[in-house]
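Enquirer: Here it is, the structure in full.
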Amino acid sequence: MASSFVVPIIDVQNDNFKELWPAMVVAIKTSSFVALDTELSGLGNRKSLLAESIEDRYKAICHAARSRSILSLGIACYKKQDSKAADTYLVQVYNLTLLCSEEYIIEPQSVQFLVQHGFDFNQQYARGIPYCKGNNKGGIDGRGVHIRALFTELLRARKPVVLHNGLIDMAFLYQSFYAHLPERLTTFTADLSEMFPAGIYDTKYITEFELRLTASYLEYAYKKCKLDNSRSVTSGGTGPHVHVEFCQYAGHMSSYVDFRVCPAVASADRQSDICQRFSAFGWCPNGAQCALSHDTDLIILQDEKGKEDKRKKRKRQREKKKSGGEVAEGSHLFDGAPENKMPHMEVDPEETPGEQHTAEPCPDSAQQNEGGSVRTGNEGNGVCEDNTDSTAADDTNINRNDGAESRTGGSSENSNRATNTGSQKKTTDTGTHRAGFDAFMTGFIFACSYSIGQKEKAGAATEEKEPEEDEQLWLPSCLNKVYLSGKAAPLNVVKSTFSKSSKAHVQKMEMVWGGRVYTTVTVFGFH
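In terms of this note's numbering, the sequence shown has 222 at position 221, counting the first letter as 1, and numbering is strictly consecutive.
What follows is the structure, encoded as structure tokens:
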């Protein structure tokens, strides 16, 4: 398998924010797309966030965004290198530590989770970048060097924005750096459609409904895409694959960089009893105390083996049926999935398989661990040197046992698993869960998805389809579709004929674009 690689993440705090400002602005403006992630101080009532009514969910999200704060913001700028091999990206990743200047609620469980994964609250209060929430105060959003002005630069860049399970992220970003959240969901989506005319993409939706992975929590989706990408690279075939490059940071700039080592995946022959709850939902209530394995690489490999075994079983059944034999009992629609996971089904880990429902399994643990929940361009920026560190993204293991969310599951326990686990241990690296690295993972999933989509478009073109039909393949079908937990359909970020933009948004548009309102594009493309 391919060797490991290192992701450099630039730590941005109040004492170096002004120095790094030009580099961040250039990275955003010259990017092909920007991936975002947040760490939050809390979310409030989890049950309200999963209400049956989407409007009720939105009200709960608004309450959380108004009373809680963003603790850190991850920005990953992916710039497609047209002069190099297909689907090569220069990636610049920033992790901004923030400090809300107003009173806000911070939840104990959020603090516990973040501390377990390396978040330094002492650094946040000592060096966090200050900001105020709500509407523009004193007309300063369009000038100066501060976080709200950086968000304005993101809007002015008019780049596609990528998130993972992004509804909560978008609400917090709007309330924290843009304006007071509107009271109605339709007004909010109308505003978003004009704020981001190049489109919003949700990798949670992409992995669930397009890639149709066995699980779709952030770490699983990232590592699965990375593993498949590595196989495509090392096989020397013509399959879709992505290459990533990073800047070399020299001199005092290197003191701002946190290097995240992504080691190659270990042997597939490893034997370990996997925690079925973590495998299915991306979280475990026992956390680091769990005696079972939370190794996402091993989970993916065992999932693949299970699918292959089921494929062989179905093949034998078909052959037996053709020869006049009887089909074995137990054949099922979900035979292609591991026993503890059924695609696009949700089950509470505490329930029996017969008690399935469509709500999120365990809101307290699930929502706080989702990328966007309680996770509580190289031209002239003066930081990126010409000498870049180029590597093909491979089948690496980050050992992040943070969990990401609860989604895609059947029964959480599998009686066929071995029960003798007293001596089992799992490896943890509590410092790898950061908004910056989560943004990098989100962007990588999107880049891989786009590469697959381009391959499918090329294949469709050989079938002599009409250009208009060809253009509608893949990512255009994911444009402005935000994942909704427990729902079969996404939230469409559009401005309908029956909705109006908020007054605060109209005023901000005057400042951001001089009154020009850009309409959302219909087909994704790099420029």
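The beta carbon of each residue, even a glycine, is placed where N, CA and C say it ideally should be.
Can you look up residue 234 in the DSSP assignment and give me helix, strand or coil?
Expert: Position 233 of the sequence shown holds residue 234. Here residue 234 sits in helix by DSSP.
Enquirer: Are the region 66-75 and the region 85-102 touching by the rule of at least three beta carbon pairs closer than 8 Å?
Expert: Because the criterion of three Cβ pairs below 8 Å is met, the region 66-75 and the region 85-102 touch.
Enquirer: Does the beta-carbon distance from residue 233 to residue 242 come in below 8 Å?
Expert: Working through the sequence shown from its first residue, we reach residue 233 at position 232. Working through the sequence shown from its first residue, we reach residue 242 at position 241. Yes. Within cutoff.
Enquirer: Would you call residue 453 buried or exposed, if buried means 16 or more other Cβ atoms sit within 10 Å of its Cβ?
Expert: Taking the sequence shown and counting its residues from 1, the one referred to as residue 453 is at position 452. Classification for residue 453: buried.
Enquirer: Starting from residue 112 and walking both ways along the alpha helix (DSSP H), at which residues does that stretch end?
Expert: Residue 112 sits at position 111 when you count from the first residue of the sequence shown. Where residue 112 is concerned, the enclosing alpha helix (DSSP H) stretches over 109-117.
Enquirer: Distance check for residue 515 and residue 139, CA to CA, integer angstroms please.
Expert: Looking up residue 139 in the sequence shown gives position 138. Looking up residue 515 in the sequence shown gives position 514. If you take the alpha carbons of residue 139 and residue 515, they lie about 17 Å apart.
Enquirer: Rank 172, 259, 502 and 482 by C-alpha distance to the C-alpha of residue 134 and give the top, closest one.
Expert: Position 133 of the sequence shown holds residue 134. Ranking the options by Cα distance to residue 134, first place goes to 172.
Enquirer: State yes or no: is the C-beta of residue 203 within less than 8 Å of the C-beta of residue 147?
Expert: For the purposes of this step, residue 203 is taken as the residue at position 202 of the sequence shown. For the purposes of this step, residue 147 is taken as the residue at position 146 of the sequence shown. Taking 8 Å as the Cβ cut-off, residue 203 and residue 147 do not qualify as a contacting pair.
Enquirer: With DSSP collapsed to three states, give me the class of residue 1.
Expert: Residue 1 lies beyond the residue range present for the chain, which begins at 2 and ends at 528; the question has no answer from this structure.
Enquirer: Only counting the same chain, and skipping five residues up and downstream in sequence, which positions put a Cβ closer than 6 Å to that of residue 492?
Expert: Residue 492 sits at position 491 when you count from the first residue of the sequence shown. These residues qualify, in order along the chain: 483 and 485.
Enquirer: Confirm, please, whether the CB-CB distance from residue 188 to residue 503 is below 8 Å.
Expert: Counted from its first residue, the sequence shown places residue 503 at position 502. Counted from its first residue, the sequence shown places residue 188 at position 187. Yes, the Cβ-Cβ distance between residue 503 and residue 188 is below 8 Å.
Enquirer: Taking the alpha-carbon of residue 221 as reference, which of 14, 200, 231 and 279 has the nearest alpha-carbon?
Expert: Along the sequence shown, one-based indexing puts residue 221 at 220. Closest option to residue 221, Cα to Cα, is 279.
Enquirer: What did DSSP end up calling residue 173 once you bin it into helix, strand or coil?
Expert: Position 172 of the sequence shown, counted from the first residue, corresponds to residue 173. Three-state DSSP puts residue 173 in a helix.
Enquirer: Quick one: residues in its chain with C-beta nearer than 7 Å to the C-beta of residue 106, no 5 flanking neighbours on either side, listed in chain order?
Expert: Counted from its first residue, the sequence shown places residue 106 at position 105. Only 42, 43, 68 and 69 meet the Cβ criterion.
Enquirer: Report buried or exposed for residue 126, applying the criterion of at least 16 other Cβ atoms within 10 angstroms of its Cβ.
Expert: The residue given as residue 126 occupies position 125 in the sequence shown. With fewer than 16 other Cβ atoms within 10 Å, it is exposed.
Enquirer: When burial is assigned at 16 or more other CB atoms within 10 Å of the CB, is residue 123 buried or exposed?
Expert: Working through the sequence shown from its first residue, we reach residue 123 at position 122. Classification for residue 123: exposed.
Enquirer: From the DSSP output, read off the bridge partner residues of residue 74.
Expert: Along the sequence shown, one-based indexing puts residue 74 at 73. Residue 74 pairs with 39 and 97.
Enquirer: According to DSSP, what are the bridge partners of residue 10?
Expert: The count along the sequence shown starts at 1 and reaches residue 10 at position 9. DSSP, once it has assigned bridges, lists 94 and 259 as partnering residue 10.
Enquirer: Candidates 258, 119, 137 and 169: which alpha carbon is nearest residue 508's?
Expert: Looking up residue 508 in the sequence shown gives position 507. If we check each option's Cα against that of residue 508, 137 comes out closest.
Enquirer: Just checking, does the region 19-36 make contact with the region 47-58 on the three C-beta pairs under 8 Å criterion?
Expert: Not touching, per the Cβ criterion.
Enquirer: Confirm, please, whether the CB-CB distance from residue 37 to residue 11 is below 8 Å.
Expert: Locating residue 11 in the sequence shown gives position 10, counting from the first residue. Locating residue 37 in the sequence shown gives position 36, counting from the first residue. Contact: no.
Enquirer: Where residue 19 and residue 249 are concerned, what is the direct C-alpha to C-alpha distance, given to the nearest angstrom?
Expert: Position 18 of the sequence shown, counted from the start, is the residue given in the question as residue 19. Position 248 of the sequence shown, counted from the start, is the residue given in the question as residue 249. Approximately 20 Å between the Cα atoms of the pair.
Enquirer: How would you call residue 289, buried or exposed, if buried means at least 16 neighbouring beta carbons within 10 angstroms?
Expert: Taking the sequence shown and counting its residues from 1, the one referred to as residue 289 is at position 288. With fewer than 16 Cβ atoms within 10 Å of its Cβ, residue 289 is classed as exposed.
Enquirer: In chain order, what residues of the same chain lie with their CB nearer than 8 Å to the CB of residue 495, ignoring the 5 residues before and after it?
Expert: The count along the sequence shown starts at 1 and reaches residue 495 at position 494. Cβ within range, chain order: 190, 191, 194, 481 and 521.
Enquirer: What residues in its chain sit with their C-beta under 6 Å from that of residue 450, if we drop five residues either side in the sequence?
Expert: Taking the first residue of the sequence shown as position 1, residue 450 is located at position 449. Contacts found: 207.
Enquirer: For a test of the three-state rule: what should DSSP assign to residue 202, helix, strand or coil?
Expert: Position 201 of the sequence shown holds residue 202. Of the three classes helix, strand and coil, the one that applies to residue 202 here is strand, per DSSP.
Enquirer: So which of 51, 287, 438 and 506 has the shortest CA-CA distance to residue 168?
Expert: Position 167 of the sequence shown holds residue 168. Closest option to residue 168, Cα to Cα, is 51.
Enquirer: Buried or exposed for residue 161, please, with buried defined as at least 16 other CB atoms from any protein chain shown within 10 angstroms of its CB.
Expert: Walking along the sequence shown from the start, residue 161 turns up at place 160. So residue 161 counts as buried.
Enquirer: Apart from the five residues just before and just after residue 196, which ones in its own chain have a Cβ nearer than 6 Å to its Cβ?
Expert: Numbered from 1 along the sequence shown, position 195 holds the residue referred to as residue 196. Here the set comprises 156.
Enquirer: Residue 21 lies in the alpha helix (DSSP H); which residues open and close that run?
Expert: Here the question's residue 21 lines up with position 20 in the sequence shown. Unbroken alpha helix (DSSP H) run through residue 21: 18-30.
Enquirer: Can you give the Cα-Cα distance for residue 180 and residue 64, rounded to whole angstroms?
Expert: Stepping through the sequence shown from its first residue, residue 180 is reached at position 179. Stepping through the sequence shown from its first residue, residue 64 is reached at position 63. C-alpha separation (whole angstroms): 14 Å.
Enquirer: Over the uninterrupted beta strand (DSSP E) stretch that includes residue 275, give me the two end residues.
Expert: Numbered from its first residue, the sequence shown carries residue 275 at position 274. Counting along the chain, residue 275 falls outside any beta strand (DSSP E), and DSSP gives it neither H nor E.
Enquirer: How would you write the range of the alpha helix (DSSP H) that residue 122 sits in, first residue to last?
Expert: What you label residue 122 is simply residue 121 of the sequence shown in a count that begins at 1. Residue 122 -> alpha helix (DSSP H) spans 122-128.
Enquirer: Quick one: give me the first and last residue of the beta strand (DSSP E) that residue 247 is part of.
Expert: As a working note, residue 247 is residue 246 in the sequence shown. Per DSSP, residue 247 belongs to the beta strand (DSSP E) from 244-248.
Enquirer: Would you report the Cα separation of residue 182 and residue 34, rounded to the nearest angstrom?
Expert: If you number the sequence shown from 1, residue 182 lands on position 181. If you number the sequence shown from 1, residue 34 lands on position 33. Each residue's alpha carbon lies about 25 Å from the other.
Enquirer: Just to confirm, are residue 246 and residue 90 a CB contact at a threshold of 8 Å?
Expert: The sequence position of residue 246 within the sequence shown is 245, counting from 1. The sequence position of residue 90 within the sequence shown is 89, counting from 1. Yes, the Cβ-Cβ distance between residue 246 and residue 90 is below 8 Å.
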